[in-house]
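One structure below.
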Amino acid sequence: MPDQQYAQKGPTHGGDDDSSGSALPPEAPKKLDLHKYLNKPDANPRTLFWELIKAYSEKQDIHDQLARIKYERMVLLRIALGIVQNPGLASTEMKPAAVAKYFIGMILDAGWEDVFVELIDKTYDRKMGINTTFLLAISKACENPENMVKISECLKKIILKNYEMESALAYVAEIQKKDLTKTLKKELMIVAMQDVDQTQQYAIYALSPLIDEDENIKKSFIGLVGDWDELTRKTIATVLKNTKDPKLLQAAERQIKEETNDQIKSLLKEIIDNNKTNEQAEKKTEEGEQGN
5 MPDQQYAQKG PTHGGDDDSS GSALPPEAPK KLDLHKYLNK PDANPRTLFW
55 ELIKAYSEKQ DIHDQLARIK YERMVLLRIA LGIVQNPGLA STEMKPAAVA
105 KYFIGMILDA GWEDVFVELI DKTYDRKMGI NTTFLLAISK ACENPENMVK
155 ISECLKKIIL KNYEMESALA YVAEIQKKDL TKTLKKELMI VAMQDVDQTQ
205 QYAIYALSPL IDEDENIKKS FIGLVGDWDE LTRKTIATVL KNTKDPKLLQ
255 AAERQIKEET NDQIKSLLKE IIDNNKTNEQ AEKKTEEGEQ GN
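Residues in the sequence shown are numbered consecutively from 5, following this note's numbering.
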């Protein structure tokens with residue numbers, strides 16, 4: 005699903021026909037005042053939420069103020085989840101994709117790791133998968149180097165502590181960014197080689213962007229091609245579908261002779277056939293270029 009873009013208003017400048025000959029000084033950004041929400045149980049948390057989201061949409065710098073509302077952070081999370089996960093049930097002032105984007109930015113700026121962990125957990129379901137809106141928001145946040153570091157560090161802690169690990173691995177598997185995979189490679193390799201079932205599957209998919217360029221991952225995957233577990237073999241055969249690496253292709257060919265599961269055998273044959281098709285297409289392209 006393509007990421008949705010939301011236009012943001014830029015600064016307003018004077019027109020070229022300004023007869024005064026002098027430009028007005030730029031208007032200072034509004035300063036968000038949170039005093040009315042602090043230590044006041046009767047304050048409406050939804051009003052606070054929308055003020056924060058609006059401040060982010062206007063690119064206000066509220067880093068220092070976020071520390072003052074840390075005790076409201078879980079309430080803010082519940083509001084964000086309600087808006088993004090159930091957009092038809094609430095009247096929102098902004099599209100859910102924008103809310104997810106700004107709320108993720110808020111979490112990362114404030115350093116609310118516990119909120120991030122809870123969000124990862126609450127937006128993943130083994131049957132339904134990951135909430136697409138939050139997935140896109142986190143994936144987009146990873147494009148910023150500073151955010152990438154924060155996100156990868158938090159995900160690493162989740163995996164190492166084995167707390168909500170399945171949710172974290174699901175996100176990494178879906179995000180499919182090489183930089184994120186490289187940062188988490190050690191942890192992902194351990195899960196891929198030692199775990200079973202869903203967590204192992206996610207770890208294998210998460211490592212897949214580096215299959216053809218990382219020798220350690222390649223060696224591990226070659227070993228897993230003939231693993232005792234059918235689900236593991238099926239997962240490996242699926243992620244190797246478009247590989248061109250000779251060692252991985254040889255491993256797939258060897259396993260075809262040994263494979264007892266017809267579905268997995270079909271996937272392995274597809275790997276070989278796809279590679280032959282790609283080679284023939286590349287050969288025709290080269291011949292065409294030489295002919296010109």
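All C-beta atoms in this analysis are idealised placements derived from N, C-alpha and C, irrespective of residue type, glycine included.
query                                                                                                                      : result
Given E170 as reference, the closest of A101, Y206 and I73 once Cα atoms are compared                                      : Y206
Environment of S270 [buried if 16+ CB atoms lie within 10 Å]                                                               : exposed
Residue-chain proximity (D199, chain D), Cβ-Cβ < 8 Å                                                                       : Chain labels in this structure do not include chain D; a single protein chain is all it has.
Cβ neighbour criterion (16 or more within 10 Å) applied to D201                                                            : exposed
Whole runs of the alpha helix (DSSP H) within the region 66-92, excluding any shorter than 4 residues                      : 67-70 and 77-89
Ranges of the alpha helix (DSSP H) found wholly within the region 159-229, counting only runs of at least 4                : 169-179, 182-187, 189-198, 201-211 and 219-229
Residue range of the alpha helix (DSSP H) that includes R237                                                               : E234 to V243
Pairwise C-alpha distance: D183 and P149                                                                                   : 10 Å
Residues bridged to I134 (per DSSP)                                                                                        : Y128
Three CB pairs or more closer than 8 Å across the region 213-223 and the region 140-158                                    : no
Nonlocal neighbours in the same chain, by C-beta distance under 6 Å from F53, ignoring five residues either side           : L80 and I83
Residue range of the unbroken alpha helix (DSSP H) whose run includes W54                                                  : P49 to S61
Pair within 8 Å by beta-carbon distance, A114 and F138                                                                     : no
Contacting residues, own chain, Cβ-Cβ under 6 Å from Y128 (five flanking each side not counted)                            : I134, S171 and A174
Per-residue DSSP class, three states only, for Q12                                                                         : Confidence at Q12 is low in this model, with a pLDDT of 34, below 50, so the placement of that residue should be treated as unreliable; the coordinate-derived value is given next. Three-state DSSP puts Q12 in coil, outside helix and strand.
Collapsed DSSP secondary structure at D231 in the structure displayed                                                      : coil
Status (buried if at least 16 other CB within 10 Å, exposed otherwise) for R237                                            : buried
With 16 other Cβ atoms within 10 Å as the buried cut-off, status of D20                                                    : A caution first: D20 carries a pLDDT of 41, below 50, which makes its placement in the model unreliable, though a value can still be read off. With fewer than 16 Cβ atoms within 10 Å of its Cβ, D20 is classed as exposed.
Boundaries of the alpha helix (DSSP H) in which E257 is found, first to last residue                                       : P250 to E262
Own chain partners of T187 with C-beta closer than 6 Å, once the 5 adjacent residues on each side are dropped              : S156
P250, buried or exposed, once every other Cβ within 10 Å from all chains shown has been counted against 16                 : exposed
Limits of the unbroken alpha helix (DSSP H) element including M110                                                         : P100 to A114
Backbone CA spacing between I73 and P49 [nearest angstrom]                                                                 : 11 Å
Chain-order list of residues whose beta-carbon lies under 6 Å from that of V119 (same chain, five-residue window excluded) : R77, L81 and I111
Neighbour-count burial assignment, I276, 16 or more Cβ in a 10 Å radius                                                    : exposed
Straight-line Cα distance separating T136 from S61                                                                         : 21 Å
Same chain only: Cβ atoms within 8 Å of K160, ignoring 5 sequence neighbours per side                                      : T187, L188 and E191
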